[in-house]
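Residue numbers (our numbering): 22 to 115.
This report concerns only the one structure given below.
Structure (structure tokens):
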């Protein structure tokens, strides 16, 4: 039996954005954390809402439900064009 966890993300999105129309691969986003309850994710959101950077994009918060121990890409990684990429760069923290 799998467990549902909650991913808190913040994206550079303006007001009135339809999530169904967003190209999530093209939007700047930060994964803030992974939480065992929605309430904990919401508390983390509230603690950061008025902080530098986040306050500039108040509509950018998303909490995604994810099933733990569930793998994706059963049929491979579709849509990759060109040579394989090098190692992923680690994000810089300010």
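A virtual CB, placed ideally from N, CA and C, is assigned to each residue, including glycine.
In the displayed model, residue 40 falls within a helix according to three-state DSSP. Looking at the DSSP output, residue 86 sits in a beta bridge with 27. Listed in chain order, the non-local C-beta contacts of residue 54 below 6 Å within the same chain comprise 29, 65, local neighbours out to five positions each way being set aside.
Residue 80 sits away from residue 50, with the two beta carbons spaced by 8 Å or more. If the five residues before and after residue 86 are omitted, its C-beta is found closer than 7 Å to the C-beta atoms of 25, 27, all from its own chain and listed in chain order. Counting the other Cβ atoms within 10 Å of the Cβ of residue 45 gives fewer than 16, which makes it exposed.
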